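Counting with my numbering, you get residues 53 to 482 for the letters of the sequence shown. The structure appears right after this line, and notes come after that.
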Amino acid sequence: MSKVSADDFYILTANAQADEHQRVLKHGETFGVFDSHGDIRPTGLAEEGLYHEGTRFLSRYQLLIGRARPLFLSSMVKEDNAILAVDLTNPDIGRNGDLKIARGAVHIHRTKFLVEGFCYERLTFSNYSLEPVRLPLMLHADCDFADVFEVRGQVRARRGAILAPRATANGVILSYEGLDMVVRRSEVSVVPPPARTDGSTMRFELSLERGKQAFFDVTVGCASRAGRVRAPRLPRALADARKRVQAERSRQCLVETSSEPFNHWLRRSRSDLSMMATETPEGPFPYAGVPWFSAPFGRDALITALETLWCDPALSRGVLAHLAATQATTDDPIREAQPGKILHEARLGEMAALAEIPFGRYYGTVDATPLFVVLAGEYLARTEDLAFIESIWPNVQAALAWLDRSCRPYLSYLAKAKGLVNQGWKDSGD
């Protein structure tokens, strides 16, 4: 009787599909939508990408072993929302029909995080096989530099010019010259550098002895101004990100109960709110949501501030200060601005700069102005911070004057040609 070994039933594995849920990171004006592998792929709804100031700066970012995706093991965004951690392994790698490296020989750990204007990633390769391995690696980056409204489906009559990729000593630079005369750049840098770069594909040859590890640090810088992108090195950037999370936690009220599931829900809510809070010159301001609403929205921020005033009054102060600084002072029918009105929405990006959309700074909301007055009163009652209220008192008076002019006897609105049809709490058209 012939012997039977496990090798007789070995099934070659190269399919990387497993968990296709999206993973989201955000810091400041920068956010990323990744797949479960930590990649950005132009598939499905094609909303994955690295975005900064209303523009997509990476529309494709894939790690490949040869031409195959690594096999998925697990991935998660840490509870503080600061880090995306992904675990992968190699597929079966063969040559001329022979198996050279069996699946699972090399473990791949991806640690990804954002600092405003930058995406950082550390790739850790660990050889758990009994033999040395050589892996051909590819890191493919590409970008369409689409405005976030284009990604949402809006079709533009004209676009700017995507420039040819430019190889550097450590990676590649992708560029786009917009119709607003701004040159936007994605600068991808890898340490150690690629063996060669073909177009926007960086190629590496990884040789790894048994039991050994190798590391690659990847930095993607998003630039919309002239000059070189200067990024802190990954270890320092990671340390700064952790300090930032700790500082945000220390500002907030800590609530503990006897129910651990309820405590987890509270921690998750606190982390989500911290991620959405964006530092403006006037203080923290909660953006409305990732991916399509990662921008200041007056109504959303005011309601969020009212709901969290008891535990985080600093957030309410930031909301009041920013909305006071952006309060309308003149009549502008296109932006639906009137003296005293409070902001509905503000957008960055090429389409906003060219007024292809009215939302660069848009005031088409009927309820943000009264909510601003309500929050100012509630903030004073909660904090007794009279000095701050005195500093924004002219803005409160301007808001009250707008309310007096607009009530007949109820608040009403008339939609403009390019603005929102519905300007109450549910402003969608459905």
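Quick reminder that beta carbons are idealized off the backbone N, C-alpha and C, glycines included. Quantities reported herein were computed from a predicted structural model and do not represent experimental measurements.
Does the beta carbon of residue 420 sit closer than 8 Å to a beta carbon anywhere in chain C?
-> Annotation note: the requested chain C is absent from the structure, which comprises a single protein chain.
Can you give me the start and stop residues for the alpha helix (DSSP H) that residue 316 sits inside?
-> Position 264 of the sequence shown, counting from 1, holds the residue named residue 316. Membership of residue 316 in the alpha helix (DSSP H) is indicated by the continuous run 312 to 328.
To the nearest angstrom, report how far apart residue 160 and residue 430 are at their CA atoms.
-> Against the sequence shown, residue 160 aligns to sequence position 108. Against the sequence shown, residue 430 aligns to sequence position 378. Near 51 Å, if we compare the C-alpha coordinates of residue 430 and residue 160.
Which residue's Cα is closest to the Cα of residue 265: 176, 107, 112, 157?
-> Taking the first residue of the sequence shown as 1, we reach residue 265 at position 213. The residue with the shortest Cα to Cα distance from residue 265 is 176.
Taking only runs that begin and end inside the segment 385 to 442, name each unbroken alpha helix (DSSP H) of 4 or more residues, in chain order.
-> Whole alpha helix (DSSP H) segments, 4+ residues: 402 to 405, 420 to 435.
Ignore the nearest five residues each way along the sequence and tell me which others in residue 309's own chain have a CB closer than 7 Å to its CB.
-> Counted from its first residue, the sequence shown places residue 309 at position 257. Once the five neighbours on either side are set aside, the close Cβ partners of residue 309 are 315.
Which residues mark the beginning and the end of the alpha helix (DSSP H) in which residue 205 is found?
-> Here residue 205 refers to the residue found at position 153 of the sequence shown. Unbroken run through residue 205: none, as it is neither H nor E.
CA nearest to the CA of residue 199, picked from 452, 109, 464 | Mapped onto the sequence shown, residue 199 falls at position 147. If we check each option's Cα against that of residue 199, 109 comes out closest.
How far does the alpha helix (DSSP H) with residue 248 in it reach, from first residue to last?
-> On the sequence shown, position 196 is the one that residue 248 refers to. That residue, residue 248, is in no alpha helix (DSSP H); its beta strand (DSSP E) goes 248 to 250.
Can you list, in chain order, the residues of its chain whose CB lies under 6 Å from that of residue 64, leaving out five sequence neighbours each side?
-> If you number the sequence shown from 1, residue 64 lands on position 12. Residue confidence for residue 64 is low, a pLDDT of 39 falling below 50, so the modelled location carries little weight and cannot support an answer.
Which word fits residue 477, buried or exposed, when buried means at least 16 other C-beta atoms lie within 10 angstroms of its C-beta?
-> Translated into positions along the sequence shown, residue 477 becomes position 425. Looking at its Cβ environment, which holds fewer than 16 other Cβ atoms inside 10 Å, residue 477 is exposed.
Note down, in chain order, each residue of its chain lying with its Cβ closer than 8 Å to the Cβ of residue 351, except the 5 sequence neighbours on either side.
-> In the sequence shown, residue 351 corresponds to position 299, counting from 1. So the list reads 396, 417, 419, 420, 423, 477, once near-sequence residues are dropped.
Count the other CB atoms within 10 Å of the CB of residue 141; is the residue buried (16 or more) or exposed (fewer)?
-> Within the sequence shown, numbered from 1, the residue matching residue 141 stands at position 89. Buried.
For residue 444, the three-state DSSP class (helix, strand or coil) | As a first step, residue 444 must be located in the sequence shown, where it is residue number 392. DSSP places residue 444 in coil when its eight states are reduced to three.
By Cβ distance, which residues of its chain are closer than 8 Å to residue 464, with the 5 residues on each side in sequence left out?
-> One-based indexing of the sequence shown puts residue 464 at position 412. Result list for residue 464: 418, 458, in chain order.
Can you round the beta-carbon distance between residue 338 and residue 356 to whole angstroms, since I take them to be within the 8 Å contact cut?
-> Locating residue 338 in the sequence shown gives position 286, counting from the first residue. Locating residue 356 in the sequence shown gives position 304, counting from the first residue. Yes, they are in contact, since the Cβ atoms of residue 338 and residue 356 sit about 5 Å apart, within 8 Å.
Pick out whichever of 363, 300, 128, 78 has its Cα sitting closest to the Cα of residue 90.
-> Numbered from 1 along the sequence shown, position 38 holds the residue referred to as residue 90. That would be 128, whose Cα lies nearest to the Cα of residue 90.
Cβ-based neighbour list, residue 240, same chain, cut-off 6 Å, excluding 5 preceding and 5 following = The residue labelled residue 240 in the question sits at position 188 within the sequence shown. Closer than 6 Å at Cβ, skipping near neighbours: 193, 223, 224, 272.
Between residue 217 and the rest of its own chain, which residues show a CB-CB distance below 6 Å, the 5 nearest in sequence each way excluded?
-> What you label residue 217 is simply residue 165 of the sequence shown in a count that begins at 1. Hits under 6 Å: 224, 226, 251, 252.
What are the residues that DSSP puts in a beta bridge with residue 335?
-> As a working note, residue 335 is residue 283 in the sequence shown. Under DSSP, residue 335 shares a beta bridge with 332.
Would you call the CB atoms of residue 118 and residue 331 closer than 8 Å?
-> As a working note, residue 118 is residue 66 in the sequence shown. As a working note, residue 331 is residue 279 in the sequence shown. Taking 8 Å as the Cβ cut-off, residue 118 and residue 331 do not qualify as a contacting pair.
Could you work out which residue in 130, 165, 182 is closest to residue 153 when comparing CA atoms only?
-> Looking up residue 153 in the sequence shown gives position 101. When each option's Cα is compared against that of residue 153, the closest is 182.
Assign residue 540 to one of two classes, buried (16 or more other C-beta atoms within 10 Å of its C-beta) or exposed (fewer than that).
-> Outside the shown range of the chain (53 to 482) lies residue 540, about which nothing can therefore be said.
Would residue 300 be called buried (16 or more neighbouring beta carbons within 10 Å of its own) or exposed?
-> Taking the first residue of the sequence shown as position 1, residue 300 is located at position 248. By the neighbour-count rule (16 or more Cβ atoms within 10 Å), residue 300 is buried.
May I have a chain-ordered list of the beta strand (DSSP E) segments no shorter than 3 residues that lie completely inside the segment 78 to 148?
-> Here the runs fully enclosed are 82 to 86, 101 to 104, 107 to 110, 112 to 117, 123 to 129, 135 to 141, 145 to 147.
If you pair each beta-carbon of the segment 281 to 301 with each one of the segment 164 to 174, do three or more pairs fall below 8 Å?
-> Yes, the segment 281 to 301 touches the segment 164 to 174.
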